[in-house]
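Asks: Residue numbering for the sequence shown follows the working numbering, beginning at 413 and increasing consecutively.
Where a beta carbon is used, it is the ideal one built from N, C-alpha and C, also for glycine.
Have a look at the structure that comes next, please.
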Amino acid sequence: MLPPSLVLLSSLLVALAHAGSPVDVTFPAESSAIARGNVIEDNFIGISWELSSFNTLWGKSVDQQPNAMQNYLHNIAVRLSKPLRIRVGGNGMDGSTYVPSQKSVLEFSDPNAYFNDIPVNFGPALFDIMNGMYDKVGAMEFMIGLSMRNPDAWDNVVELAVAAEEKLGDKLDAMLLGNEPDLYAGHGERDAYTIDDYVRFSLLSFSIGADSGQIPEVGEVLDELSETGALNQSIMAGPTVCCQWDLDDIFEAGFDQYDYKYYTIQRYPNNACQGETPENTNLTYYLTHANVGKYLGWQKKGMDVARQRNVPVIMTEYNSVACGGSNISSTFGAALWAIDVGLKAASMNYSAVFLHTREYGVQYNLFDPPTPEASTSAGWRTGSPYYSALFLAEITDTSGSVVVDLNLGNSTTDQFAKIAGYGIYEDGGSTRGRLVFFNYANPDSDGDDATQQFRVPANVTDQVDYRILAAPDVTERTNIKWAGQTVGPNGDLEGDQETITVNCKNGCLIDVPGPGVVLVMLGSEREGRLFTGNSTIAPYQYLSNDALVDFGPSRTTLVVAASLVILMLFS
413 MLPPSLVLLS SLLVALAHAG SPVDVTFPAE SSAIARGNVI EDNFIGISWE
463 LSSFNTLWGK SVDQQPNAMQ NYLHNIAVRL SKPLRIRVGG NGMDGSTYVP
513 SQKSVLEFSD PNAYFNDIPV NFGPALFDIM NGMYDKVGAM EFMIGLSMRN
563 PDAWDNVVEL AVAAEEKLGD KLDAMLLGNE PDLYAGHGER DAYTIDDYVR
613 FSLLSFSIGA DSGQIPEVGE VLDELSETGA LNQSIMAGPT VCCQWDLDDI
663 FEAGFDQYDY KYYTIQRYPN NACQGETPEN TNLTYYLTHA NVGKYLGWQK
713 KGMDVARQRN VPVIMTEYNS VACGGSNISS TFGAALWAID VGLKAASMNY
763 SAVFLHTREY GVQYNLFDPP TPEASTSAGW RTGSPYYSAL FLAEITDTSG
813 SVVVDLNLGN STTDQFAKIA GYGIYEDGGS TRGRLVFFNY ANPDSDGDDA
863 TQQFRVPANV TDQVDYRILA APDVTERTNI KWAGQTVGPN GDLEGDQETI
913 TVNCKNGCLI DVPGPGVVLV MLGSEREGRL FTGNSTIAPY QYLSNDALVD
963 FGPSRTTLVV AASLVILMLF S
């Protein structure tokens with residue numbers, strides 16, 4: 413039998429054999445002047461919702477709002493110092509109708525609707541539900557979609573805008589005018605719809621006036637909104653293009669003359685609108701850091717113009733595969749990709765990003781109830797992108813953050829790189845605050861755990877605290893842990909929260925399991941910079957004869973109680 417010292421040495425050698433050669437990290441003391449041009453706030457990550465899913469996910473009344481959803485949202489909100497961003501919109505909202513007299517939250521208006529474009533009728537109860545969740549969870553700021561799809565329905569759009577401002581008040585952050593207008597023609601919703609129809613201003617339009625039909629549609633809608641007093645503040649956002657139009661062409665056509673609060677775009681790297689294909693099921697694409705910059709850079713020219721005008725650009729909707737996802741969308745690999753996208757977007761002048769979720773059963777969803785009819789019960793399923801949102805909620809600081817891609821291992825261009833890293837500055841870019849290290853490697857059949865070490869040099873910080881997001885495999889869908897915790901069936905974080913502390917005065921090594929991503933906090937002062945504690949606010953509940961019954965907050969108590977009942981029955 414080997415002496416303990418040799419056993420320890422043997423274990424260390426095995427660990428080093430499994431680990432890749434340490435990657436040296438260079439993290440300058442201050443960010444560049446260019447990088448400081450995009451300081452992101454402490455609510456960079458938001459959640460986007462398809463309208464048709466809302467009564468299932470947020471409840472049918474204020475007193476029947478799913479406890480699981482309260483926990484899901486509070487887990488993220490409590491990690492932010494600013495209001496959690498919520499967007500309600502999507503293709504379905506663009507085809508839906510606001511009915512002021514309707515008592516229910518929403519009613520489906522077309523039972524044969526295309527599953528990627530589900531229209532509903534919705535009433536003021538929608539805003540009651542939003543306000544109710546705000547009261548339960550904490551501060552949120554809302555974005556509401558306004559349709560431009562049907563010019564004959566613009567009176568209804570104006571009615572919706574007025575109601576949203578009245579009901580949501582200061583909680584209303586922006587109204588998004590139009591959803592993917594660049595696809596109106598391609599989807600058969602408008603005939604030959606172009607940028608000229610949408611926004612083009614010319615000398616002719618100024619000289620002959622609105623009666624000629626030459627005034628662009630954006631201007632018409634904004635004029636109608638202004639007449640009602642709905643534009644007394646800078647609250648509009650758009651154009652929310654995704655695919656066919658370039659932002660700089662829209663600006664050139666005159667869009668930038670309008671007083672918009674945000675310029676908005678949205679993008680998916682692949683789609684499954686015609687079913688699964690080799691492209692949209694290729695997980696390797698999503699595990700390649702070099703692909704992320706190309707995906708996000710499609711509107712760079714227009715974003716540069718927006719930056720010159722000091723108007724923030726927001727990605728109002730993103731996820732792995734459009735039209736509901738593919739078989740890779742709920743994997744851990746897709747979760748890593750969504751985090752990489754968020755960080756890369758912050759480094760490329762996006763001011764916020766929104767992960768999109770939809771109705772029950774969609775593969776890229778952040779969460780799903782047991783069934784659409786049982787959303788007030790426990791037993792929810794957590795999608796892997798929810799862990800991405802949790803992680804991104806902890807990357808920013810109250811003082812304003814600047815994110816830079818460190819290009820570790822030439823990962824921004826090397827298609828075969830299995831690592832990536834970001835530096836995050838605080839105090840508006842003047843102070844090193846956090847590091848993020850990605851390891852996309854997968855364990856091999858010989859049991860290699862694919863751990864990768866990252867070497868933080870001396871004199872960067874005296875101490876680091878870090879948290880790990882990891883899973884056994886990139887294809888894993890459920891066994892995912894963030895800081896040692898897994899999200900349970902009531903949206904609650906189960907297990908003990910784990911934060912690893914390492915002395916780093918003379919430099920230190922950070923072990924990142926493969927696959928995994930690590931958030932590293934620099935400095936010995938952790939208070940208020942990383943959330944610590946229990947973020948569960950709502951207990952377990954089940955639905956019995958249409959009445960909600962609370963079990964209490966502890967799942968363990970439930971399991972123990974159930975076990976005692978079984979023992980008594982069979983003893």
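#1: Does the Cβ of Ala685 have 16 or more other Cβ atoms within 10 Å, making it buried, or fewer, making it exposed?
#2: How about the region 743–759 and the region 567–582: do they share at least three Cβ pairs that are nearer than 8 Å?
#3: Alpha carbon to alpha carbon, how far is Ala622 from Leu634?
#4: Look at Leu589 and Val549 and say whether their C-beta atoms are less than 8 Å apart.
#5: Please say whether Tyr510 and Phe534 have beta carbons closer to each other than 8 Å?
#6: Measuring CA to CA, which of Phe554, Leu572, Ala551 is closest to Met560?
#7: In this structure, what does DSSP give as the bridge partners for Glu462?
#8: In angstroms with no decimal places, state the Cα-to-Cα distance between Tyr675 and Asp856.
#9: Please give me, in chain order, every unbroken run of the beta strand (DSSP E) with length at least 3 that falls completely inside the region 881–949.
#10: Throw me the rounded Cβ distance for the Ile677 and Met587 pair, which I believe falls under 8 Å.
#11: Let me know the alpha helix (DSSP H) ranges lying completely inside the region 807–883, each 4 residues or longer, listed in chain order.
#12: Name, in chain order, the residues that DSSP records as bridge partners for Pro651.
#13: Have a look at the DSSP bridge pairing and note the partners of Ile541.
#14: What residues match up with Ala586 in a beta bridge as DSSP calls it?
#15: How about the region 465–474 and the region 781–797: do they share at least three Cβ pairs that are nearer than 8 Å?
#16: Return the Cβ separation of Ala853 and Pro927 in integer angstroms, given the expectation that the two are a contact with Cβ distance under 8 Å.
#17: In angstroms, rounded to a whole number, what distance separates the CA positions of Gly841 and Gly835?
#18: Using the C-alpha atoms, what's the distance from Ile949 back to Ser789?
#19: For Gln482, does the count of other Cβ atoms within 10 angstroms reach 16, so buried, or fall short, so exposed?
#20: Alpha helix (DSSP H) containing Phe803: first to last residue?
#21: Taking the alpha-carbon positions, what's the Leu558 to Ala489 distance?
#22: Report the option in Asn722, Pro563, Glu688 whose CA atom is closest to the CA atom of Asp671.
#23: Between Asp567, Ala665, Trp792, which has its C-alpha nearest Thr606's C-alpha?
#24: Which of the three DSSP states, helix, strand or coil, is assigned to Met560?
#25: Which residue marks the beginning of the alpha helix (DSSP H) containing Tyr762, and which one marks its end?
#26: From what residue to what residue does the alpha helix (DSSP H) around Leu610 run?
#27: On the three-state DSSP scale, how would you describe Gln953?
#28: Where does Ile620 fall in DSSP's three states?
#29: According to DSSP, is Thr442 part of a helix, a strand, or is it coil?
#30: Can you tell me the Cα-Cα spacing of Ser742 and Gly896, whole angstroms?
#31: Are three or more beta carbon pairs between the region 757–775 and the region 696–713 nearer than 8 Å?
#32: What do you reckon, are the CB atoms on Asp809 and Gly845 nearer than 8 Å?
#33: With distances taken Cα to Cα, identify the nearest neighbour of Arg448 among Phe803, Asn692, Ile880, Thr843.
#34: Please state the DSSP three-state secondary structure of Pro434.
#35: Contact between the region 490–505 and the region 919–937 is defined here as three or more beta-carbon pairs at a separation below 8 Å; is this criterion met?
#36: Out of Thr769, Arg879, Glu442, which has the shortest C-alpha to C-alpha gap to Asp985?
Replies: Judging by the given coordinates:
#1: On the sequence shown, position 273 is the one that residue 685 refers to. One detail in the question is off: residue 685 reads as Cys in this sequence, not Ala. It counts as exposed.
#2: Counting Cβ pairs under 8 Å, fewer than three are found: no touch.
#3: Here residue 622 refers to the residue found at position 210 of the sequence shown. Here residue 634 refers to the residue found at position 222 of the sequence shown. Summary for Ala622: the model assigns pLDDT 40, below 50, so the residue's position carries little reliability, and this model does not support an answer.
#4: Counting from 1 along the sequence shown, the entry for residue 589 is found at position 177. Counting from 1 along the sequence shown, the entry for residue 549 is found at position 137. With a cutoff of 8 Å on beta-carbon distance, Leu589 and Val549 are scored as not near each other.
#5: Working through the sequence shown from its first residue, we reach residue 534 at position 122. Working through the sequence shown from its first residue, we reach residue 510 at position 98. Contact flag set, yes.
#6: On the sequence shown, position 148 is the one that residue 560 refers to. The shortest Cα separation from Met560 among Phe554, Leu572, Ala551 belongs to Leu572.
#7: Along the sequence shown, one-based indexing puts residue 462 at 50. In the DSSP output, where bridge partners are listed per residue, Glu462 has Gly501.
#8: Along the sequence shown, read from residue 1 onward, the residue named residue 675 stands at position 263. Along the sequence shown, read from residue 1 onward, the residue named residue 856 stands at position 444. If you take the alpha carbons of Tyr675 and Asp856, they lie about 45 Å apart.
#9: Runs of the beta strand (DSSP E) inside the region 881–949: 912–915, 920–924, 928–934.
#10: If you number the sequence shown from 1, residue 677 lands on position 265. If you number the sequence shown from 1, residue 587 lands on position 175. Wrong, their Cβ atoms sit about 16 Å apart, outside the cutoff.
#11: Counting only runs of at least 4 residues, the region 807–883 fully encloses no alpha helix (DSSP H) element at all.
#12: As a position in the sequence shown, residue 651 is number 239, starting the count at 1. The beta-bridge partner set that DSSP reports for Pro651 consists of Thr676.
#13: In the sequence shown, counting from the first residue as 1, residue 541 sits at position 129. Beta-bridge partners of Ile541 (DSSP): none assigned.
#14: Mapped onto the sequence shown, residue 586 falls at position 174. Note: Ala586 sits in a beta bridge opposite Met555.
#15: Touching, yes, given that three or more Cβ pairs across the two stretches are closer than 8 Å.
#16: One-based indexing of the sequence shown puts residue 853 at position 441. One-based indexing of the sequence shown puts residue 927 at position 515. Between Pro927 and Ala853 the Cβ distance is about 7 Å, and since that is below 8 Å, they are a contact.
#17: On the sequence shown, residue 841 is found 429 positions in, with the first residue counted as 1. On the sequence shown, residue 835 is found 423 positions in, with the first residue counted as 1. For Gly841 and Gly835, the distance between alpha carbons rounds to 10 Å.
#18: Walking along the sequence shown from the start, residue 789 turns up at place 377. Walking along the sequence shown from the start, residue 949 turns up at place 537. Cα to Cα, Ser789 sits roughly 15 Å from Ile949.
#19: Residue numbering aside, residue 482 sits at position 70 when the sequence shown is read from its first letter. Under this definition Gln482 is a buried residue.
#20: For the purposes of this step, residue 803 is taken as the residue at position 391 of the sequence shown. Phe803 -> alpha helix (DSSP H) spans 796–804.
#21: Within the sequence shown, the letter at position 146 stands for residue 558. Within the sequence shown, the letter at position 77 stands for residue 489. Each residue's Cα considered, the two are about 26 Å apart.
#22: The residue you call residue 671 lines up with position 259 of the sequence shown. Taking only the C-alpha atoms, the option nearest Asp671 is Asn722.
#23: Mapped onto the sequence shown, residue 606 falls at position 194. For the residues Asp567, Ala665, Trp792, the minimum Cα distance to Thr606 belongs to Ala665.
#24: Reading the sequence shown from its first residue, position 148 is the one you call residue 560. Three-state result, Met560: coil.
#25: Along the sequence shown, one-based indexing puts residue 762 at 350. Tyr762 -> not in any alpha helix (DSSP H); beta strand (DSSP E) instead, spanning 762–769.
#26: Within the sequence shown, the letter at position 198 stands for residue 610. In the sequence as displayed, the identity of residue 610 is Tyr instead of Leu. From DSSP, the alpha helix (DSSP H) with Tyr610 extends over 607–610.
#27: Mapped onto the sequence shown, residue 953 falls at position 541. DSSP, reduced to helix, strand and coil, places Gln953 within a strand of the structure shown.
#28: By 1-based counting over the sequence shown, the position of residue 620 is 208. Note that Ile620 scores a pLDDT of 33, beneath 50, so its modelled location is shaky; the value from the coordinates is reported in the next line. Three-state result, Ile620: helix.
#29: Here residue 442 is taken as the residue at index 30 of the sequence shown, counted from 1. Going by the sequence as given, residue 442 is Glu instead of Thr. Glu442 falls in the coil class under three-state DSSP.
#30: Locating residue 742 in the sequence shown gives position 330, where the first residue counts as 1. Locating residue 896 in the sequence shown gives position 484, where the first residue counts as 1. In a straight line, the C-alpha of Ser742 is about 20 Å away from that of Gly896.
#31: Between the region 757–775 and the region 696–713, the count of Cβ pairs shorter than 8 Å is three or higher; the stretches touch.
#32: Walking along the sequence shown from the start, residue 809 turns up at place 397. Walking along the sequence shown from the start, residue 845 turns up at place 433. Yes, the pair counts as a contact, with Cβ atoms nearer than the cut-off.
#33: Here residue 448 refers to the residue found at position 36 of the sequence shown. Restricting attention to Phe803, Asn692, Ile880, Thr843, the CA atom closest to the CA of Arg448 is found in Thr843.
#34: As a working note, residue 434 is residue 22 in the sequence shown. Pro434 falls in the strand class under three-state DSSP.
#35: Taking 8 Å as the limit for Cβ pairs, the verdict is that the region 919–937 does not touch the region 490–505.
#36: Outside the modelled stretch of the chain, which goes from 413 to 983, sits residue 985, for which no answer is possible.
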